[in-house]
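K.L.:
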Amino acid sequence: AKDGGRRAFHFFEPGMDARVRARRLLEIDLRRAMAAGEFELYYQPLVSLKSGAITGFEALLRWHHPSRGLVPPAEFIPLSEEIGLIVPLGEWVLRQACAEAARWPANLKVAVNLSSVQFKTGNVTHAVLSALANSGLPASRLELEITESILLAESEANLATLYRLRGLGVSVSMDDFGTGYSSLSYLRAFPFDKIKIDRSFVSELSDGGDCMAIVRAVAGLGSSLGIATTAEGVETGEQLAWLRNEGCTEMQGYYFSPPVPASKIAPMLKANEGA
Ligand code: C2E
Ligand code: CA
Ligand code: CA
Ligand code: CA
Numbered sequence: 188a189k190d191g192g193r194r195a196f197h198f199f200e201p202g203m204d205a206r207v208r209a210r211r212l213l214e215i216d217l218r219r220a221m222a223a224g225e226f227e228l229y230y231q232p233l234v235s236l237k238s239g240a241i242t243g244f245e246a247l248l249r250w251h252h253p254s255r256g257l258v259p260p261a262e263f264i265p266l267s268e269e270i271g272l273i274v275p276l277g278e279w280v281l282r283q284a285c286a287e288a289a290r291w292p293a294n295l296k297v298a299v300n301l302s303s304v305q306f307k308t309g310n311v312t313h314a315v316l317s318a319l320a321n322s323g324l325p326a327s328r329l330e331l332e333i334t335e336s337i338l339l340a341e342s343e344a345n346l347a348t349l350y351r352l353r354g355l356g357v358s359v360s361m362d363d364f365g366t367g368y369s370s371l372s373y374l375r376a377f378p379f380d381k382i383k384i385d386r387s388f389v390s391e392l393s394d395g396g397d398c399m400a401i402v403r404a405v406a407g408l409g410s411s412l413g414i415a416t417t418a419e420g421v422e423t424g425e426q427l428a429w430l431r432n433e434g435c436t437e438m439q440g441y442y443f444s445p446p447v448p449a450s451k452i453a454p455m456l457k458a459n460e461g462a
């Protein structure tokens with residue numbers, strides 16, 4: 188016990204597992220970054236497959252690390268979720284995305300990703316309401332992207348929250364559709380406004396076979412249920428042509444544009460005018 192007290196001060200012991208140590212360092216770094224304001228939102232356009240017009244942008248979080256450069260979310264969101272930092276970070280994302288979108292032309296929407304942890308330990312409804320109120324953005328211009336993990340855990344409470352949010356006038360999209368176990372039953376559990384077909388299906392369209400059949404079925408499902416379908420990760424003109432032909436309503440992907448900083452939005456909209 189005596190030893191234990193002393194050990195508490197020896198944070199990084201020689202024997203400490205390298206992974207645990209790296210994790211601990213990242214945690215300290217993330218908390219510092221939050222205080223230092225090192226996060227930024229990039230925006231990737233969502234494009235109508237019918238008209239070719241930009242209908243909105245998905246906000247995607249980036250970390251400008253002083254020495255590591257631009258850090259992608261896959262490298263810090265999972266840990267942010269584990270340590271609960273995703274709650275204040277997610278609130279910042281909502282505030283920032285709504286504030287920036289309020290300056291765009293009024294026909295454009297902004298899509299924000301929500302973590303299941305924000306549902307579990309944060310007050311999502313309050314975060315959304317205050318982001319809308321502070322920015323003046325109408326609720327109808329905000330789309331919330333959730334994955335089915337939100338409905339998987341604590342489903343009753345989360346479902347109630349989702350209904351409350353949708354009641355405010357925001358729309359709700361099911362992200363990464365097809366990657367979970369019971370995407371279909373969640374479509375029945377909640378009136379999603381949009382299905383985002385996961386990139387893994389879209390990227391393998393050119394190989395023909397299964398992915399084609401799956402994407403075709405989801406696009407058909409969307410159109411018969413009256414739910415918009417967005418294909419994620421569109422990288423080629425062939426994919427685009429095929430998706431349009433199958434009745435997918437919207438696309439997102441490098442073929443049109445990667446996520447860009449907010450300052451690039453105005454020129455992109457100008458170039459897209461008349462589409
Ligand atoms: P996601 O929500 O599925 O976002 C789409 C991801 O696909 C983005 O990665 C985007 O840059 C990437 N992408 C888009 N088009 C293409 C393409 O044509 N090809 C390829 N290879 N990739 C494409 P990103 O920005 O690295 O984000 C990764 C994930 O991190 C997101 O996946 C989302 O789950 C999470 N994320 C990002 N921002 C936030 C946030 O503000 N809050 C939360 N909770 N999660 C976020
Ligand atoms: Ca998303
Ligand atoms: Ca997605
Ligand atoms: Ca994805």
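Residue numbers (the numbering used here): 188 to 462. Even glycine gets a Cβ: it sits at the ideal position worked out from N, Cα and C.
Do the CB positions of Val138 and Asp380 come within less than 8 Å of each other?
P.N.:
Lying outside 188 to 462, the shown extent of the chain, residue 138 is not represented and no answer is given.
K.L.:
Taking 7 Å as the cut-off, is the beta-carbon of Asp362 closer than that to any non-hydrogen atom of ligand 2?
P.N.:
Counting from 1 along the sequence shown, the entry for residue 362 is found at position 175. Yes, since a heavy atom of ligand 2 falls inside the 7 Å radius drawn around the Cβ of Asp362.
K.L.:
Give me the Cα-Cα distance between Ser444 and Glu437, rounded to the nearest whole angstrom.
P.N.:
The sequence position of residue 444 within the sequence shown is 257, counting from 1. The sequence position of residue 437 within the sequence shown is 250, counting from 1. Whole-angstrom Cα-Cα distance: 14 Å.
K.L.:
Indicate, with yes or no, if ligand 2 has a heavy atom lying under 7 Å from the CB of Glu437.
P.N.:
By one-based count along the sequence shown, residue 437 stands at place 250. Flag unset: Cβ of Glu437 not near ligand 2.
K.L.:
Identify which residue in Gly396, Phe364 and Tyr229 has its Cα closest to the Cα of Lys451.
P.N.:
On the sequence shown, position 264 is the one that residue 451 refers to. Comparing Cα-Cα distances from Lys451 to each of Gly396, Phe364 and Tyr229, the minimum goes to Tyr229.
K.L.:
What is the DSSP secondary structure of Ala188, reduced to helix, strand or coil?
P.N.:
Within the sequence shown, numbered from 1, the residue matching residue 188 stands at position 1. Low confidence applies to Ala188: its pLDDT is 41, below 50, so where it sits in the model is not reliable enough to give any reading.
K.L.:
Whole alpha helix (DSSP H) runs in the region 289-319 with 4 or more residues, listed along the chain?
P.N.:
For the region 289-319, whole alpha helix (DSSP H) runs of length 4 or above, ordered along the chain, are 303-308.
K.L.:
Under 7 Å: does the beta carbon of Pro265 sit that close to some heavy atom of ligand 1?
P.N.:
The count along the sequence shown starts at 1 and reaches residue 265 at position 78. Answer for Pro265: no, Cβ out of range of ligand 1.
K.L.:
If you draw a straight line from the alpha carbon of Glu433 to that of Ala286, how long is it in whole angstroms?
P.N.:
Here residue 433 corresponds to residue number 246 of the sequence shown, with the count starting at 1. Here residue 286 corresponds to residue number 99 of the sequence shown, with the count starting at 1. Glu433 and Ala286: Cα-Cα distance of roughly 35 Å.
K.L.:
Kindly identify the DSSP beta-bridge partner or partners of Ile382.
P.N.:
By 1-based counting over the sequence shown, the position of residue 382 is 195. For Ile382, which the question treats as bridged, DSSP gives the partners Met361 and Thr416.
K.L.:
Residue range of the alpha helix (DSSP H) that Thr348 falls in?
P.N.:
On the sequence shown, position 161 is the one that residue 348 refers to. Thr348 -> alpha helix (DSSP H) spans Ser342 to Gly354.
K.L.:
Report the three-state DSSP secondary structure of Gly396 (helix, strand or coil).
P.N.:
Indexing the sequence shown from 1 puts residue 396 at position 209. Here Gly396 sits in coil by DSSP.
K.L.:
Is the CB-CB distance between Gly309 and Glu335 below 8 Å?
P.N.:
As a first step, residue 309 is located in the sequence shown; it is residue number 122 there, counting from the start. As a first step, residue 335 is located in the sequence shown; it is residue number 148 there, counting from the start. For Gly309 and Glu335, no; Cβs fall outside 8 Å.
K.L.:
Distance, Cα to Cα, Ala246 vs Ser327?
P.N.:
Against the sequence shown, residue 246 aligns to sequence position 59. Against the sequence shown, residue 327 aligns to sequence position 140. Between Ala246 and Ser327, the C-alpha separation is close to 16 Å.
K.L.:
According to the neighbour-count rule (16 or more other Cβ atoms, all chains shown, within 10 Å of its Cβ), is Ser267 buried or exposed?
P.N.:
Taking the sequence shown and counting its residues from 1, the one referred to as residue 267 is at position 80. Buried, since its Cβ has 16 or more Cβ neighbours within 10 Å.
K.L.:
Exposed or buried, what is Asp363 when buried is set at 16 or more other beta-carbons lying within 10 Å of its beta-carbon?
P.N.:
On the sequence shown, residue 363 is found 176 positions in, with the first residue counted as 1. It is buried - the Cβ of Asp363 has at least 16 other Cβ atoms within 10 Å.
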